[in-house]
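> Dumping the structure here so I can ask a few things about it.
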Amino acid sequence: MMQLFGIRHHGPGCAASLRASLAAMQPDIVLIEGPTDANGVLHFVTHAQMEPPVALLVYAPDRLHQVAYYPFAVFSPEWQGIQYALHHDIPVRFIDLPQKHQLVAEEKPDLKSPAHPTLAAAKTPSDPLLWLAAAAGFDDSERWWNHLIEQRQNHTDLFAGILAAMVTLRQEWEQTYPPNLEQQRDRHQAIREAHMRKMIRQAQKEGFEAIAIICGAWHTPALMEPFPKVKDDNALLKGLPNVKVNATWIPWTYGRLTLDSGYGAGIDSPGWYHHLWQSGQTSNHPQPLDPSEPRSCPPAPASIAIGWLTQVAYLLRHEGFDVSSAHVIEAVRLAETLAALRDRPLPGLAELDEAAQTVLCQGEATPMSLIRDKLTVSDRLGTVPDDIPIIPLQQDLQQCQKRLRLKPVAEKKTLTLDLRNPTDLARSQLLHQLSILGIDWGTPLATSGKGTFKEGWVLQWQPDLAIALIEAGRWGNTVAMAATAYLLDQVAQSPLPLATLTRHLDRALVANLAAAIAPLLQQIQTTAALSKDLLSLMMALPALAQVVRYRNVRQTDTQTVIQVVDGLVTRICLGLGQTCRTLDDEAAQQMAIALQRTHQAIQLLRISQHQTAWFRALSQLLDHNGLNSHLLGRCCRILLDAGEVSPPEAARRLHLALSVGNDPAAAAQWLAGFLEGSGLLLIHDDQLWAILDQWVTSLTEDAFIAVLPLLRRTFSSFTGPELRQMGDRVRQESSPSPSPEQTNISEFPPTPSPAPHRQKALETLSYLLHLTPPPSVRG
3 MMQLFGIRHH GPGCAASLRA SLAAMQPDIV LIEGPTDANG VLHFVTHAQM
53 EPPVALLVYA PDRLHQVAYY PFAVFSPEWQ GIQYALHHDI PVRFIDLPQK
103 HQLVAEEKPD LKSPAHPTLA AAKTPSDPLL WLAAAAGFDD SERWWNHLIE
153 QRQNHTDLFA GILAAMVTLR QEWEQTYPPN LEQQRDRHQA IREAHMRKMI
203 RQAQKEGFEA IAIICGAWHT PALMEPFPKV KDDNALLKGL PNVKVNATWI
253 PWTYGRLTLD SGYGAGIDSP GWYHHLWQSG QTSNHPQPLD PSEPRSCPPA
303 PASIAIGWLT QVAYLLRHEG FDVSSAHVIE AVRLAETLAA LRDRPLPGLA
353 ELDEAAQTVL CQGEATPMSL IRDKLTVSDR LGTVPDDIPI IPLQQDLQQC
403 QKRLRLKPVA EKKTLTLDLR NPTDLARSQL LHQLSILGID WGTPLATSGK
453 GTFKEGWVLQ WQPDLAIALI EAGRWGNTVA MAATAYLLDQ VAQSPLPLAT
503 LTRHLDRALV ANLAAAIAPL LQQIQTTAAL SKDLLSLMMA LPALAQVVRY
553 RNVRQTDTQT VIQVVDGLVT RICLGLGQTC RTLDDEAAQQ MAIALQRTHQ
603 AIQLLRISQH QTAWFRALSQ LLDHNGLNSH LLGRCCRILL DAGEVSPPEA
653 ARRLHLALSV GNDPAAAAQW LAGFLEGSGL LLIHDDQLWA ILDQWVTSLT
703 EDAFIAVLPL LRRTFSSFTG PELRQMGDRV RQESSPSPSP EQTNISEFPP
753 TPSPAPHRQK ALETLSYLLH LTPPPSVRG
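In my numbering, the protein residues as written are 3 to 781.
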């Protein structure tokens, strides 16, 4: 006897009915749609530490970019079929086409492509089940399948109806769209079904009589007896390419079971399905697999709605919403009423969502996104046994996670580390090592409050990181060894810019990769000695300054780095004047950025001889008459902020740069270099404000139009508070003096009206500060 159980790959109704059907049938072997390569790891399903959602991972060790995922939830029918077989000591096998044939045939594999074929999930006109859904009055096959199948509990006659429907549907579909073996999709499906028939024949030859076959509903007509001729199936399977593959289990998340994640056999609401499954079981007394054992009563329809809306209420209350028990009662009544109006036997997710938004959220739509993320989809993450077959790198990471008490979880978790603490320091080093390998378990977070001893991370474990770990396994057997080998390989690939090398050095230091530091320093010294590009030396200095400045925080020896920094600073100061003499406007813009970053790096180093040499070089640039105006303005501002140029001297240089005899464009460039990044000088220095006022007033209309874009771009770099303070000053100085009738002269001395030329300047400043439209007349 052979019995077919056509299922959707993730559905609580199918899973519950399958358990009841298997218990009634009592098969002597269970065959399941799945890759035969993974039969060797099926026994882990009943391991005490195995908790879904999990996924079978089949990968080619020599082609790590080619992998296949087979996700399972607790409500997946295949999962329940495997559980039934293992608990009753019945043989269980996967019978689908091995991935050793499928992976090698993929020219451009997509890691998000489903290992299972899409059944009820597709929503395009090419979805066969859409025909059945439309006949039942549904415009969506997902909702139709949920209504007809998934909200049922323990219907043993379900699969006969599914088989009959699929036989008719597939006949009609193939008459309308005849299969073409020349097309890859149709040929691939034919090969898979031929292999499944081959495995069924093999089970029959071995003497098994009661054979239970669990597969996607669409495949059931192709697996019915009588089968096609053996030679026809063998012809399809002959000559398939193959590659060596391995199989293992990895944790999965409900978020990765959704259609939105790109999983083609995905579902819209795994968290809701989990609730439906739990509602059909008792938490302490699961439904028995043996039909002779007493069974608990199926849940009343109302209990599903009550349980779900209670979870919603708990979530909203935890987030600060005012939700009471009376709200829950009213929401349940509304959901049941909506279901009755729509001729539904019990409320579905759509009715429950509408009731929750109307009653619990007071009509607001925003909280519904929270409900979807936390409940409808859920961030549940599965676990796998420690003794699962994994590569040495994965074993080392698991040991590090246990030792450092860093548990991988699917939800985002903020972690603040104090680098003075040995455990936190080791955690930081591990996260940086993983980041070097492209395993982005943690994302660095900007922190404040404890200075350089504080480091923030946002941790979130994603299933794809398991693949990244396997890919990184070729670099070494431990995380530190692999990160070191990867960095050194990157450096050896081709000559790298000096700035890139210094970034690699910084990453090696924060990750405590001692074996990589010496080769990186040697490469940096060689590249710096041979480099004739002063700009690249200047852009490399900030990363090295960070290394030197914070060496004590991470307890690393960076004495050799200081020697490299000394050489860089000396070369920069000596070559600055010669390099800056012949720069055009575009190159001067880049040099101005480099000047600012180099200045910040030297200030960070706090080494007196470096500061002395740097300020001397900038002073020489400032006195160079032929230098680009933008660079002159930037040098003046840097020296003014550092106290090397006094405010009166800066005002004198600004006055000279903005004098009437100078080219307005060059004057605007000088002003842009001087003011770029901060407008505090104009706010607090009346002399500079007056000089700018006088210069703007002196411009002709043509000159004003020519320099206006540059001036507006300069002012746009100021912060919002700076612009507001300037705007207040403009308004104050442009306001008319109060009349005697409005003001007590003895208390408020009258303010004279601004002169015509000053009024024009204030109008211009008002425009630059985005306060008014551009002035219509200039002169």
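Heads up, the beta-carbon is just placed ideally off N, CA and C, and yes, glycines get one too.
Below 8 Å on the Cβ atoms is my guess for Ile-164 versus Pro-93; work out the distance and round it to an integer in Å.
Contact flag wrong, Cβ pair sits at about 25 Å.
> Which term fits Ala-122, buried or exposed, when burial requires 16 or more other beta carbons within 10 angstroms of its beta carbon?
Model confidence at Ala-122 stands at a pLDDT of 37, short of 50, so the residue's coordinates are unreliable and nothing is read from them.
> Should Tyr-265 be labelled buried (16 or more other beta-carbon atoms within 10 Å of its own) or exposed?
With 16 or more other Cβ atoms within 10 Å, it is buried.
> Within 10 angstroms of the Cβ of Asn-825, are there 16 or more other Cβ atoms? Answer buried if so, exposed if not.
The question about residue 825 has no answer, for the chain in this structure spans 3 to 781.
> Might you give, ordered along the chain, the residues of its own chain that have their beta carbon closer than 7 Å to the beta carbon of Trp-175, omitting 5 neighbours on each side?
Excluding positions up to five away in sequence, the list reads Pro-130.
> Considering Gly-83, what are the terminal residues of the alpha helix (DSSP H) in which it resides?
Here the alpha helix (DSSP H) through Gly-83 covers 79 to 89.
> The beta strand (DSSP E) that contains Phe-96, what's its start and end?
Where Phe-96 is concerned, the enclosing beta strand (DSSP E) stretches over 94 to 98.
> Kindly provide the ranges of any beta strand (DSSP E) runs that are 3 or more residues long and lie completely inside the stretch 228 to 292, ordered along the chain.
Counting whole runs of 3 or more residues, the stretch 228 to 292 contains the beta strand (DSSP E) stretches 248 to 253.
> Of all the beta strand (DSSP E) runs that stay within the bounds of the stretch 373 to 433, which reach a length of 3 or more residues?
Segments of the beta strand (DSSP E) lying fully in the stretch 373 to 433: 415 to 420.
> Between Met-540 and Ile-564, is the Cβ-Cβ spacing less than 7 Å?
The answer is no: Cβ separation not under 7 Å.
> With 16 as the cutoff for other CB atoms within 10 Å, does Leu-629 come out buried or exposed?
Buried, because 16 or more other Cβ atoms sit within 10 Å of the Cβ of Leu-629.
> Distance check for Gln-186 and Lys-233, CA to CA, integer angstroms please.
Cα to Cα, the separation comes out at about 21 Å.
> For the ligand PLP, I want to know if Thr-378 counts as a neighbour, meaning its beta carbon is within less than 6 Å of at least one of the ligand's heavy atoms.
Questions concerning the ligand PLP fall outside what the structure shown contains, since it holds no ligand whatsoever.
> For the candidate residues Asp-39, Asp-345, Leu-58 and Ala-474, whose alpha-carbon lies nearest to that of Leu-399?
It is Ala-474 whose Cα lies nearest to the Cα of Leu-399.
> If you draw a straight line from the C-alpha of Phe-617 to the C-alpha of Gln-727, how long is it?
Those two C-alpha atoms are separated by around 32 Å.
> Quick one: give me the first and last residue of the alpha helix (DSSP H) that Phe-676 is part of.
Phe-676 -> alpha helix (DSSP H) spans 666 to 677.
> Between the Cα of Leu-348 and those of Ala-358, Ile-306 and Val-361, spot the shortest distance and give me the residue it belongs to.
The shortest Cα separation from Leu-348 among Ala-358, Ile-306 and Val-361 belongs to Ile-306.
> Would you be able to state if there are at least three C-beta pairs under 8 Å between the stretch 183 to 201 and the stretch 18 to 31?
These segments do not touch.
> Taking CB distances under 7 Å as the criterion, tell me whether Arg-172 reaches chain D.
Among the protein chains of the structure shown there is no chain D, as only one such chain exists.
> Would you be able to state if there are at least three C-beta pairs under 8 Å between the stretch 80 to 88 and the stretch 222 to 241?
No, because fewer than three Cβ pairs between the stretch 222 to 241 and the stretch 80 to 88 fall closer than 8 Å, the two stretches do not touch.
> To the nearest angstrom, how far is the alpha carbon of Ala-138 from that of Trp-146?
Taking the straight line from one Cα to the other gives about 8 Å.
> If you draw a straight line from the C-alpha of Leu-419 to the C-alpha of Asp-426, how long is it?
Distance between the alpha carbons of Leu-419 and Asp-426: 5 Å.
> Beta-carbon separation of Ala-485 and Leu-439 under 7 Å?
In this structure, Leu-439 lies closer than 7 Å to Ala-485 by Cβ.
> According to DSSP, is Tyr-316 helix, strand or coil?
The answer is helix: DSSP assigns Tyr-316 an H, G or I state.
> According to DSSP, which residues form a beta bridge with Ile-216?
Ile-216 pairs with Phe-7 and Ile-34.
> Under three-state DSSP, which class holds Val-481?
Helix at Val-481.
> Hey, how far is the Cα of Arg-551 from the Cα of Asp-643?
C-alpha separation (whole angstroms): 21 Å.
> Leaving out five residues on either side along the sequence, give the residues of the same chain with a beta carbon under 7 Å from the beta carbon of Pro-499.
The residues are Ser-538.
> Verify whether the separation of the beta carbon atoms of His-103 and Asn-236 is less than 7 Å.
No. Outside cutoff.
> Which value, in whole angstroms, describes the spacing of the CA atoms of Leu-160 and Glu-53?
Taking the straight line joining both Cα atoms gives about 28 Å.
> Identify whether Gln-591 lies in helix, strand or coil by the three-state DSSP scheme.
Of the three classes helix, strand and coil, the one that applies to Gln-591 here is helix, per DSSP.
> Decide if Tyr-316 is buried, meaning its Cβ has at least 16 other Cβ atoms within 10 Å, or exposed.
The residue in question, Tyr-316, is exposed, as its Cβ has fewer than 16 Cβ neighbours within 10 Å.
> Rank Val-169, Gly-675, Gly-458 and Asp-324 by C-alpha distance to the C-alpha of Gln-364 and give the top, closest one.
Comparing Cα positions, the closest option is Asp-324.
> Can you look up Gln-68 in the DSSP assignment and give me helix, strand or coil?
Three-state DSSP puts Gln-68 in a strand.
> Glu-1 by DSSP, collapsed to three states: which one?
One cannot answer for residue 1 here, as it falls past the ends of the chain, which runs 3 to 781.
> How many Å lie between Ser-285 and Gly-13 at the Cα?
With a pLDDT of 35 at Ser-285, under the threshold of 50, the modelled position of this residue cannot be trusted; read the value that follows with caution. Looking at the two C-alpha atoms, the distance is approximately 19 Å.
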